[in-house]
Amino acid sequence: MQLGNFSVSLNVKDIQVSKQFYETLGFSVFAGDIAQHWLIMKNGDATIGLFQGMIDKNILTFNPGWNSNAEPLDSFTDVRELQAKFKAQGLQLDVEVDESSSGPASCMLKDPDGNPILIDQHV
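If you're matching positions, the sequence shown starts at 2 in the working numbering and goes up one per residue.
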């Protein structure tokens, strides 16, 4: 099962302070808008999202259809197919995709420890 490009979305208290901290670790801004309180930062293939006031908890994020540079892939497993596999395996979803839709969509579930996992397809 291919979930897509992986990143961690972090709930940060002060995006300026967090940006500076992660730059010290070798990350650089890849996308986002600091004025809107969100940034995507990369260090090689490692990707983190910084979100101030936008999410309640840190989230494991997977992006079907993207490589590590947010470029579309020729072939990938659609979020609706992933959702169907999760359900077939008895997993509970907190947010579901309309299975009759197509294109960008997302679903969300939690791991056994309550950590949110977002499957967020942008293509």
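Backbone N, C-alpha and C fix where the C-beta goes; we use that ideal spot for every residue, glycine too. In this text the structure is predicted, and so the values were computed from the model without any measurement.
Measure from the alpha carbon of GLY66 to the alpha carbon of each residue in SER19, LEU74 and GLU97, then state which is nearest. To locate residue 66, count along the sequence shown from 1; it is residue 65. It is LEU74 whose Cα lies nearest to the Cα of GLY66.
Within 10 angstroms of its Cβ, does GLN53 collect 16 or more other Cβ (buried), or is it exposed? Numbered from 1 along the sequence shown, position 52 holds the residue referred to as residue 53. When all chains shown are included, GLN53 counts as buried.
What are the partner residues of GLN50, as DSSP defines its beta bridges? Against the sequence shown, residue 50 aligns to sequence position 49. At residue 50 the sequence reads Gly, which differs from the Gln that was named. Paired residue(s): SER10 and ILE41.
Classify ILE16 as helix, strand or coil using the three-state DSSP reduction. Within the sequence shown, numbered from 1, the residue matching residue 16 stands at position 15. Three-state result, ILE16: helix.
Kindly indicate which residue of ARG81, ASP79 and GLY50 has the alpha-carbon position closest to the one of PHE24. In the sequence shown, the residue the question calls residue 24 occupies position 23. Rather than Phe, the amino acid found at residue 24 in this sequence is Glu. If we check each option's Cα against that of GLU24, GLY50 comes out closest.
Helix, strand or coil: how does DSSP classify ILE56 here? Along the sequence shown, read from residue 1 onward, the residue named residue 56 stands at position 55. In this structure, ILE56 counts as coil in the three-state DSSP scheme.
Answer yes or no: do ASN59 and ASN12 have a C-beta to C-beta separation smaller than 8 Å? For the purposes of this step, residue 59 is taken as the residue at position 58 of the sequence shown. For the purposes of this step, residue 12 is taken as the residue at position 11 of the sequence shown. Yes; because the gap between Cβ atoms is below 8 Å, this pair is in contact.
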